Amino acid sequence: MLPRLKNIPQLQPLVADYLQELSKQHFSGDIATSYAERLSLATDNSVYQQLPEAILFPKTVADVVILTKLAQKDIYKSLTFTPRGGGTGTNGQSLNNNIIVDLSRHMTQILELNVEKRRVLVQAGVVKDQLNQFLKPYGLFFSPELSTSNRATLGGMINTDASGQGSLQYGKTSDHILGLRAVLINGEILDTQALDCKNFVEQLEQKKFTPRVKHIHQEVFQRCSEKRAQIINDLPQLNRFLTGYDLKNVFNQDESEFNLTRILTGSEGSLAFICEATLDLTPIPQYRTLINIKYNSFDSALRNAPFMVKANALSVETIDSKVLNLAKQDIIWHSVNELLTEDTENPILGLNIVEYASNDKNKIQRQVSALCQALDEKILNKQDAIIGYQVCSDLTSIEKIYAMRKKAVGLLGNAKGSAKPIAFVEDTCVPPEHLADFITEFRALLDKHQLSYGMFGHVDAGVLHVRPALDLCDKKQVTLFKDISDQVAELTRKYGGLIWGEHGKGMRSQYGEKFFTPELWQELRYIKFLFDPENRLNPGKICTPLHSDAELYSILSPMRADKDRQIPIEMKTEFNGAMNCNGNGLCFNFDVHSTMCPSMKVSKNRLFSPKGRAAMVREWLYLLAQENVTPTQLDFQQSEIKLTSLVHKIRNSVQKWRGEYDFSHEVKASMDTCLACKACASQCPIKIDVPSFRSKFFHFYHQRYLRPLKDHVVANVEYIAPLMAKQPAFFNFFNSAKFLQLATEKVLGIVDLPLLSNPSLQQQLVEIGYQDRSLEQLEQLTAIEKQNMLLIVQDPFTSYYDAKVIADFVSLTQKLGYQAIVLPFKPNGKVQHIKGFLARFAKTAKNQADFLARVATLNIPLVGVDPAIVISYRDEYKEILKEKRGQFNVLTAHEWLHSEQTKIQKQIETHSVKDAQWYLFPHCTESTALPNSAKEWQQIFTWFKQDLLVENVGCCGMAGIFGHETKHLEMSKEIYHLSWAGKLKGKNLEHCLATGYSCRSQVKRLENFQLKHPVQALLTLLK
181 MLPRLKNIPQ LQPLVADYLQ ELSKQHFSGD IATSYAERLS LATDNSVYQQ LPEAILFPKT
241 VADVVILTKL AQKDIYKSLT FTPRGGGTGT NGQSLNNNII VDLSRHMTQI LELNVEKRRV
301 LVQAGVVKDQ LNQFLKPYGL FFSPELSTSN RATLGGMINT DASGQGSLQY GKTSDHILGL
361 RAVLINGEIL DTQALDCKNF VEQLEQKKFT PRVKHIHQEV FQRCSEKRAQ IINDLPQLNR
421 FLTGYDLKNV FNQDESEFNL TRILTGSEGS LAFICEATLD LTPIPQYRTL INIKYNSFDS
481 ALRNAPFMVK ANALSVETID SKVLNLAKQD IIWHSVNELL TEDTENPILG LNIVEYASND
541 KNKIQRQVSA LCQALDEKIL NKQDAIIGYQ VCSDLTSIEK IYAMRKKAVG LLGNAKGSAK
601 PIAFVEDTCV PPEHLADFIT EFRALLDKHQ LSYGMFGHVD AGVLHVRPAL DLCDKKQVTL
661 FKDISDQVAE LTRKYGGLIW GEHGKGMRSQ YGEKFFTPEL WQELRYIKFL FDPENRLNPG
721 KICTPLHSDA ELYSILSPMR ADKDRQIPIE MKTEFNGAMN CNGNGLCFNF DVHSTMCPSM
781 KVSKNRLFSP KGRAAMVREW LYLLAQENVT PTQLDFQQSE IKLTSLVHKI RNSVQKWRGE
841 YDFSHEVKAS MDTCLACKAC ASQCPIKIDV PSFRSKFFHF YHQRYLRPLK DHVVANVEYI
901 APLMAKQPAF FNFFNSAKFL QLATEKVLGI VDLPLLSNPS LQQQLVEIGY QDRSLEQLEQ
961 LTAIEKQNML LIVQDPFTSY YDAKVIADFV SLTQKLGYQA IVLPFKPNGK VQHIKGFLAR
1021 FAKTAKNQAD FLARVATLNI PLVGVDPAIV ISYRDEYKEI LKEKRGQFNV LTAHEWLHSE
1081 QTKIQKQIET HSVKDAQWYL FPHCTESTAL PNSAKEWQQI FTWFKQDLLV ENVGCCGMAG
1141 IFGHETKHLE MSKEIYHLSW AGKLKGKNLE HCLATGYSCR SQVKRLENFQ LKHPVQALLT
1201 LLK
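Heads up: the sequence shown at position 765 corresponds to 945 in this note's numbering, and the numbers run straight through without jumps.
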C-alpha cells in the first residue's frame, strides 16, 4: 500500500496574510494556493521549473491595481510578482518562485474594433488566433506570426516582442503596438502612445500623467536622445534584434515621434503589468501562394536561402530532414503528403517554404513565375541540390503546410530514448548572408559531442531553431548543457548575431551583458530602476536595477530534471507519458472546436489540461520516491479486492473524510475531470496519453482509499446489461421511476441513466429475418462461403442501449449482398480501464482477446460500430496485454465499408437513391485516432450520390460514464454547449449523424432527439 504524501512546500505566512487581505480588497479575480495549482504553473516550454508562492488571476485592470497597491504596504514590500500569459516560453520567461499574476484566464476580451482606422483594443489574455478569428470577417488580421499562435496570448507576445514567419515584411509584435495600458508596481496606471517630439513637454502636460509616469517619460526621452548615436551604432543591425528594453525604437525612423511602448515590448514582465493593448491591423492579402522547394540535403536548403530572399518573398521558412521525418510519422502528414510528394530513392532532406502574398494577383503571378522559371533552370542544370518543387495557391493547402510545420516543431520533443531535443540555444539570429557558415560551425560543435538535433526556422531573417537532444537527468549532460550554451553564445557573437532572435531571454539573461557595451548595459539597468527600483517584477530576468546587488538567474537554474532524476527509471518508464511532457502547451489551444482538452476549455484551469495532469503525476512519482517507494510496489496485477487491506482502506478513507492532507487527493481531483477521450494521445506532439496514466494512478490510489460504490457499479455494467436486456420493459419501468432516479443520484452519484433498448437486439434481429450461426458452424464453412460475410463484434452500449444501430447495420449489409453474423457478446472492459480496475481489466481483455483471436482464424472481417470500443482493441488492449493480445483486427464500420468499395458500388447501382445534405459529427476519439475516418465516410456517401459535410466539433461532453456522474453533470453540459450545440443549431437533425454512442446519448439528453449512426442513414437510401 502506497504511503500518504504530506511533505510538500507550505504557503509562506506572509504570502498567506497578503492573500487574505487581498480577498477583502474587492479583488474580483481568482486566488490559487493549493500545491497542485502552483505546480501547474511551475513550468513552461523550457527545461526549468520554479514553484510559485501563489497564483492570482485578475479579471480587470482594477484587480491589477488592487493587488499592486496592497503590495506597497511596508509589511508586504518583500513580496515580488511575475506576470504570465500563455506560458509557452522556451526560456522560463514567466517562471519565478514568487506570486504569479496570470492574465490568461479572465482578461480575454476584445474590447473595441475600429475597422476604418484598422486598430483594435484587446486585453492581454486574448490569444493571437482568437483575435484573428474575430477579425477575419472584416478582412483584417494581426500579422506577427508564431508557431504557438493557437495558445500564445497577446500579452505574452508583447512581453517577448514575438515574431516569426513573414517578419521581414510584417515585422515584430512591437511594430504593431500603437499603445499600451499597463500597471506599475506601485499601482499607478501607465498609458503609452506616440508623442510628438517637437511638443513633447506640452503633450506630457496635456496627458495629465501622474508625477512618476511623467518622470519615466521624461527620463527615457532625454537619455535615449542624448545617447542616440551610440545606441544606433553599437546595437547589432538585425531584423529580429531584441534588447529587452528597445532603446533604439522609442523614436520612429524620422525621429519625429517618441513612444514609450517600445520600452515595454520585450520586457518580459520586468517593468510593469501589461493589461491592454491597442494594435495596428493589416489587411488580409487576397492572394497567397506557397512554393515548397525540396532538396537532397539541409545544407543545400540553407545555402540556397539568400537566393530565395532576393526573390522578394513574404517569407522563407526552412525545415530539416529530422523534423520532416517526425511529421511523416504523425497523423499530421496525411494532410500534406500530396503537397510534398517524394520518391523513395530521392527523399526530401531539406525544405524551403517560400510564400508570396498580396492583393495584386498579377504581381504574385509574375513573382511566382519568375521564381519557378529560375528553379526549373537550376533543376535542369542540377544546381543547388534542388530535387523539385510544388506550388499551392489555395488557402486550405497553405494552411495545411503551415499546420504541419507548427506541429512538427513540437514533435521534436517526442524523440525516443531518454535524450530529448530541448530548446536552450534554439533561436540564434545572425545576418542571413552568414547563416549557412554559422550553422556549419554550429553543427560541428554539436557533432563533436555526438548529439542529435533537429533544425527549422526563418532563414530570411537569419533565425534558425536548433534543438540538441540531451538527457538532463544525467548530471554530466547538465554540464554539457552549460558548455554548449557558452560556446553558442561566443559563436553567435563571432558572426555578429545574438542568441535570442525570437524567444526572449528568461533564464538566459546572464548572457545579456556579453552583447552590449558597458554603457548601454548600464542604460538597460537604469530603465529597470526607473520602472521597478526595488526589483519586484519578474526579478532575475533581463537585467537588475541600477545600484542593485541582486543577481540574474543562472543558465543552471532549477530544472524539472532535478526532480525527475530522483525517480527510479522503472517508475518513469511505467508513467512515461507524464514524464515526457515538455510543456509545449498545444493542449491550451483556445479553439472550442478542437478536441483537446474539453475540461480545461470550460474550466479555464490549466490543472485540467494534459500538461497539468502530467505535472501532477511527475510530482506524485517524485514524492513517492522521497518516501522510498520502490518500483516493485507498483504492481499492476495486484487484485483490487484484498480483505487484508480493507481495514487499512477504511481507516485511510476516514482520515481523508476528516481532512487529512495527501497530495494524492490533489492528483485525483485533476484526473477526475479527464473525459478519457484520448485526443491527447494523438493530438499532442509528445503523445501525452492521459487516460493511460490516469488509469494507473487510479489503480494505486484505490489501493489506499476505498472506491465509491458508483465505480463498482459502472465497472460491472457489461455484466449486468445482458441480464437486464432479457426483460427490458421491466427494468425500464423502474429506471424511469422518479424515486429510483433520485435514489440513484443520491446514493450512487449517477444521473440520467439510459433506458434499455426495447425491443431488444435479439428481438429486432428476428424481425428482420436474421439467421444466426454458431462459431462451430462458421468454422465448417469453405473460403467461398465466407466471401460475403462479416462478423459484428458487439459493444455493451450500442447492443443494449441503442440496439437499432446494430439491427440496421445488419439490414444494410443484407441489402448490399452480405451476410452479417452478430458474435456472442463478451465484455470489452473499457469502463474498467477508465476507472483504474487494471487487474480486472487485464482479465477481461485477455478473455475477449482470446475469443477474437480464435474468431480471427476464420478469415472473416471483424467489424464494430462504436469507434471508441473498436479503437480500444488497438490501444488499451495492446498496452495491457502486450504480446498476449493475440492476432486479430476489429474494423470500424467505415473501415469495412471502405474496404468493400468495388462490391458495394456495383450493388447500389441497382437501387434508387435520393439527393440530400447530410452532416457528420465525428466521435472525438475516432477523429483523432483515425484522422482519415471523416474523409472516408464522405467517400462512402458519394457512392450513394449523397453530400456529407463533416462538422469540425470538439467533445460532446458525455464521454461514456463521465456525463452520467452527478459531480460532472454541469461540466458535461458546458462542454456540449461549447461546440456541439452551436453546430447542431438550425440544422435538420434528421440529417445529422454521429458515429459515437456517447455523442448520440448526449444529443438525445440535451436536444431530446435521437441522431442516426451513418450506417442507419445509408440504410434509408436503399429500397
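Ideal placement from N, C-alpha and C gives every residue a C-beta, glycine not left out.
Keep in mind that this is a model prediction, so the values were computed, not measured.
**Asked** In its own chain, which residues sit with a C-beta less than 6 Å from the C-beta of Thr372, not counting the 5 before and 5 after it?
**Response** Only Gly359, Leu360, Leu440 and Thr441 meet the Cβ criterion.
**Prompt:** Going by alpha carbons, who is nearest to Gln509 out of Pro486, Leu592, Asn756 and Asn912?
**Reply:** For Gln509, the nearest C-alpha among the options comes from Leu592.
**Asked** Ends of the alpha helix (DSSP H) at Leu220?
**Response** The question names Leu, but residue 220 in the sequence shown is Ser. Following the DSSP letters along the chain, one finds Ser220 inside the alpha helix (DSSP H) bounded by residues Tyr215 to Ser220.
**Message:** I'd like to know whether the C-beta atoms of His773 and Gly1134 end up nearer to each other than 8 Å.
**Reply:** Contact: yes.
**Prompt:** Do you know how far the Cα of Ala1161 is from the Cα of Ala481?
**Reply:** Straight-line Cα distance between these residues: approximately 47 Å.
**Item:** Lys791 to Cys552 span [Cα, whole Å]
**Value:** In a straight line, the C-alpha of Lys791 is about 44 Å away from that of Cys552.
**Asked** Going by alpha carbons, who is nearest to Asp243 out of Ser203, Pro232 and Asn277?
**Response** Nearest of Ser203, Pro232 and Asn277 to Asp243, Cα basis: Ser203.
**Prompt:** First and last residue of the alpha helix (DSSP H) that includes Pro698?
**Reply:** Unbroken alpha helix (DSSP H) run through Pro698: Pro698 to Phe711.
**Asked** Where does the unbroken beta strand (DSSP E) through Leu1110 begin, and where does it stop?
**Response** Annotation for Leu1110: no beta strand (DSSP E) segment contains it, and DSSP assigns it neither H nor E.
**Request:** Use the C-beta contact count for Pro1004: other C-beta atoms within 10 angstroms, 16 or more gives buried, fewer gives exposed.
**Result:** Exposed, since its Cβ has fewer than 16 Cβ neighbours within 10 Å.
**Item:** Inter-residue Cα distance where the pair is Arg740 and Tyr1177
**Value:** Going by the C-alpha atoms only, they are around 41 Å apart.
**Item:** DSSP state of Cys552 mapped onto helix, strand, coil
**Value:** Three-state DSSP puts Cys552 in a helix.
**Asked** When you compare only the Cα positions, how much space is there between Tyr215 and Pro189?
**Response** Distance between the alpha carbons of Tyr215 and Pro189: 8 Å.
**Asked** Among Cys609, Ile722 and Ile559, which has the Cα closest to the Cα of Thr340?
**Response** Looking at the Cα atoms, Ile722 is the closest of the given residues.
**Asked** Should Lys297 go down as buried or exposed, given a rule of 16 or more other Cβ atoms within 10 Å for buried?
**Response** Within a 10 Å sphere around the beta-carbon of Lys297 sit fewer than 16 other beta-carbons, which makes this residue exposed.
**Residues that DSSP places opposite Met796 in a beta bridge** = In the DSSP assignment, no residue is bridged to Met796.
**Prompt:** At a cut of 8 Å, does the region 284–298 reach the region 731–749 through at least three beta carbon pairs?
**Reply:** In short, these stretches do not touch, since the Cβ pair count stays below three.
**Request:** Kindly indicate which residue of Met904, Ile412, Phe431 and Glu840 has the alpha-carbon position closest to the one of Gln402.
**Result:** It is Phe431.
**Prompt:** Which runs of the beta strand (DSSP E) spanning at least 3 residues fall entirely within the region 439–490, listed in chain order?
**Reply:** Fully enclosed beta strand (DSSP E) runs of 3 or longer: 453–460 and 467–475.
**Message:** Between which residues of its own chain and Ser447 is the CB-CB distance below 7 Å, once the five residues before and five after are set aside?
**Reply:** Hits under 7 Å: Asn339, Gly424, Tyr425 and Ile722.
**Message:** If contacts are defined as beta-carbon pairs under 8 Å, then Val363 and Val516 qualify, I think. What distance do you get, rounded to the angstrom?
**Reply:** Here Val363 is actually not in contact with Val516; their C-beta atoms are around 44 Å apart, not less than 8 Å.
**Prompt:** Between Lys257 and Glu703, is the Cβ-Cβ spacing less than 8 Å?
**Reply:** By the CB criterion at 8 Å, Lys257 and Glu703 fall outside the cutoff.
**Item:** Where Phe1121 falls, given that 16 or more other Cβ within 10 Å makes a residue buried
**Value:** It counts as buried.
**Item:** Stretch-stretch touch, CB-based, cutoff 8 Å, three pairs: the region 215–232 with the region 262–275
**Value:** Touching, yes.
**Request:** Output yes or no for whether 8 Å exceeds the beta carbon distance between Gly1137 and Gln1182.
**Result:** For the pair Gly1137 and Gln1182, the CB atoms are nearer than the 8 Å cut-off.
**Asked** Taking the C-alpha atoms as reference points, what is the distance between Glu437 and Leu293?
**Response** Rounded to the nearest angstrom, the two C-alpha atoms are 24 Å apart.
**Item:** Whole-number beta carbon distance between Phe1068 and Leu1173, since they are thought to touch under 8 Å
**Value:** Between Phe1068 and Leu1173 the Cβ distance is about 28 Å, and since that is not below 8 Å, they are no contact.
**Request:** Could you tell me whether any non-hydrogen atom of the ligand FMN is closer than 7 Å to the CB of Arg264?
**Result:** By its list of ligands, the structure shown contains no ligand whatsoever, and the ligand FMN lies outside what it can speak to.
**Item:** Top-ranked residue by Cα proximity to Val973, from Ala1048, Lys394 and Tyr841
**Value:** For Val973, the nearest C-alpha among the options comes from Ala1048.
**Request:** Determine which residues share a DSSP beta bridge with His645 and list them.
**Result:** Note: His645 sits in a beta bridge opposite Phe636.
**Prompt:** Is the Cβ-Cβ distance between Ile1051 and Glu1106 less than 8 Å?
**Reply:** Inclusion of Ile1051 and Glu1106 in the CB contact set at 8 Å is warranted, their separation being smaller than that value.
**Message:** For Asn938 and Ala599, I'd like the C-alpha separation in whole angstroms.
**Reply:** One C-alpha to the other measures close to 57 Å.
**Neighbour-count burial assignment, Phe913, 16 or more Cβ in a 10 Å radius** = Exposed, since its Cβ has fewer than 16 Cβ neighbours within 10 Å.
**Request:** Any chance you could list the beta strand (DSSP E) runs of at least 3 consecutive residues sitting entirely within the region 328–413, in chain order?
**Result:** Listed in chain order, they are 357–363 and 369–372.
**Prompt:** Going straight from the alpha carbon of Gln345 to that of Leu444, what length do you get?
**Reply:** Annotation: Gln345 to Leu444 spans about 23 Å, alpha carbon to alpha carbon.
**Asked** Quick one: what's got a C-beta closer than 6 Å to Ala805's C-beta in the same chain, skipping five residues either side?
**Response** In chain order, Gln746 and Ile747 place their CB closer than 6 Å to the CB of Ala805, counting only its own chain and leaving out the 5 sequence neighbours on each side.
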